[in-house]
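In our numbering, each residue carries its 1-based index in the sequence shown increased by 556.
The beta carbon of each residue, even a glycine, is placed where N, CA and C say it ideally should be.
This structure is a prediction, so every number in the text was calculated from the model and none was measured.
One structure is given below, encoded as structure tokens.
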Amino acid sequence: MEFDIVVVGAGPAGSSAARVAAQNGAKVLLLEKRQEIGAPKRCGEAAPTTEEFEKLGVKIISQVIRNEIRGYSFYSPKGINVKVVWDHPVGYMLERKMFDKFLAIQAAQAGAQIMVKARAINLLKGNGKIVGVKINHFGEEFDVDTKIVIAADGVESKIARWAGLNSKSLRDATSNVQFEMAGIELRDPNLIEFYFGSKVAPGGYAWIFPKGDYTANVGLGIRGGQTTAFQYLKKFIESKENLRNGAIIEVNVGATPIGGPIEKTVSDNLIAVGDTAGHINPVTGGGIYNAVLCGIIAGEVAAKAVQEGDTSETRLFEYEERWKKAILTNLEKGLRIKSVLEKMSDEELDALAEVLEGKDVVRLFREDPMTVFIELMKRSPKLSIKLLLDLSGFRK
Ligand SMILES: Cc1cc2nc3c(=O)[nH]c(=O)nc-3n(C[C@H](O)[C@H](O)[C@H](O)COP(=O)(O)OP(=O)(O)OC[C@H]3O[C@@H](n4cnc5c(N)ncnc54)[C@H](O)[C@@H]3O)c2cc1C
């Protein structure tokens, strides 16, 4: 079998890349190792608004949306609450299994061939260059020839590693466990909640993301810690009166790479995209939107490169330039916010929460985070010296 482009992984990045490459005239094969696209989900399912997706040309159907997000609520280690609330939706809770399938259906409609239960087990090389992919499909192994491979195989990507694009940044990851829970009381079904502190979720945070009135994704991500993420989650749920009697209707596990993008996202005949490329926001752990956005760029550049008969690293570099222009500033902001937050003790996080207002949270993401942190520092004598040292890079 011969294709122009083989996309490995049918998550948001892979399906978006496959759709756009097919729409641009390429013969595309999309591989998914699991038997069902989108399942099991490994996601809290919080995403930006449909308008944001529409800016990318993706019209989200109502069947993939479960709930409106109208604000964020943050809890410091000792329970100080900071809220940011809007009178309109600022995001949506998706039904991720449906969302991923919806993106794959669009890829199929555009002409991409899709194989599920098809695992890419190796890259085929000729004269040192990638010329194909070895696939295991329902236990049967075979080779397909291709001009470009798009590695969209997620955080545990082997494809990027086989192609020599391995990166340290993917090893900086939180280990996450989440329960989808039903029969729970929510403070506000349109607010997504975040809980910080070394006793709750060391090196990460815990979350309650409502999917409706009595249903929510309740999870946490940790780095390090005294015990497993699972034990921390059980303790977190036990500590919450509104959760402890709820039913667990699904268990989700997975890692989120929060170390920022990998150093290089293209090589001859290969593009890395989505979690594989570290396109996830280092502070929120949100990666759906960036995966779609970068997948679209990957599909477009790959199809054009095939048409032009030049699939070299130099030609594919257009992809790297374009995704960087679109999201690198935000990823770097996220890394800077994370670098400050991760060094703060529980007492410092409490002191920060005492002076933090909802509008400061918005500013942290929209403006220069260091300027905002310095302003916050001036508001609290408890923060000044240590945080100042962090901001100036002295305390590692
Ligand atoms: C617990 C948790 C909660 C999260 N919550 C949120 C959230 O609320 N909002 C948000 O925006 N982001 C969230 N994320 C991150 C988000 O899920 C990812 O950023 C997003 O899925 C990245 O999309 P992707 O297409 O790059 O990778 P993935 O969605 O991981 O897709 C990769 C696909 O490749 C397949 N694959 C892997 N290897 C092979 C192979 N060799 N051959 C064939 N197929 C292969 C996998 O089966 C998978 O389907 C969360 C992540 C976790 C783990």
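Quick one: what does DSSP say residue i is sitting in, helix, strand or coil?
{"i": "F950", "result": "Because the pLDDT at F950 is just 47, under 50, the model does not fix this residue reliably, and the point stays unresolved."}
{"i": "T927", "result": "helix"}
{"i": "L612", "result": "coil"}
{"i": "K589", "result": "coil"}
{"i": "L826", "result": "strand"}
{"i": "D728", "result": "coil"}
{"i": "E558", "result": "strand"}
{"i": "A738", "result": "strand"}
{"i": "N837", "result": "coil"}
{"i": "N692", "result": "strand"}
{"i": "N846", "result": "helix"}
{"i": "E819", "result": "coil"}
{"i": "T605", "result": "coil"}
{"i": "Q669", "result": "strand"}
{"i": "E913", "result": "coil"}
Please classify residue i as buried or exposed, where buried requires at least 16 neighbouring CB atoms within 10 angstroms.
{"i": "T927", "result": "exposed"}
{"i": "N825", "result": "buried"}
{"i": "Q734", "result": "buried"}
{"i": "V857", "result": "buried"}
{"i": "A803", "result": "exposed"}
{"i": "K589", "result": "buried"}
{"i": "L644", "result": "Looking at the sequence shown, residue 644 is not Leu but His. H644 is exposed by the Cβ-count criterion."}
{"i": "P925", "result": "buried"}
{"i": "I744", "result": "Checking the sequence, you will find Asp at residue 744 rather than Ile. By the 10 Å Cβ count, D744 comes out exposed."}
{"i": "R575", "result": "buried"}
{"i": "I677", "result": "exposed"}
{"i": "V829", "result": "buried"}
{"i": "V822", "result": "buried"}
Is residue j closer than 7 Å to residue i when the C-beta atoms are compared?
{"i": "N732", "j": "G810", "result": "yes"}
{"i": "V563", "j": "A578", "result": "no"}
{"i": "N623", "j": "G768", "result": "yes"}
{"i": "N801", "j": "K597", "result": "no"}
{"i": "D560", "j": "V918", "result": "no"}
{"i": "L679", "j": "I670", "result": "no"}
{"i": "Y875", "j": "A907", "result": "no"}
{"i": "L891", "j": "G816", "result": "yes"}
{"i": "A707", "j": "M737", "result": "no"}
{"i": "A569", "j": "A847", "result": "yes"}
{"i": "L905", "j": "F752", "result": "yes"}
{"i": "V700", "j": "M557", "result": "yes"}
{"i": "G567", "j": "G759", "result": "no"}
{"i": "F929", "j": "V896", "result": "yes"}
{"i": "K634", "j": "G914", "result": "no"}
Could you please give the first and the last residue of the uninterrupted alpha helix (DSSP H) stretch that includes residue i?
{"i": "S868", "result": "Counting along the chain, S868 falls outside any alpha helix (DSSP H), and DSSP gives it neither H nor E."}
{"i": "K894", "result": "T885 to L897"}
{"i": "F786", "result": "A785 to E794"}
{"i": "A578", "result": "P568 to Q579"}
{"i": "R717", "result": "I715 to W718"}
Residue i: beta carbon under 6 Å from a heavy atom of ligand 1?
{"i": "P838", "result": "no"}
{"i": "L747", "result": "no"}
{"i": "A577", "result": "no"}
{"i": "L659", "result": "no"}
{"i": "I930", "result": "no"}
{"i": "K589", "result": "yes"}
{"i": "D831", "result": "yes"}
{"i": "N580", "result": "no"}
So the beta strand (DSSP E) residue i belongs to, where does it begin and stop?
{"i": "A660", "result": "Element bounds for A660: not the beta strand (DSSP E) but the alpha helix (DSSP H), R652 to Q665."}
{"i": "V640", "result": "N637 to V641"}
{"i": "A772", "result": "T771 to I778"}
{"i": "F630", "result": "G627 to Y631"}
{"i": "A811", "result": "A803 to P813"}
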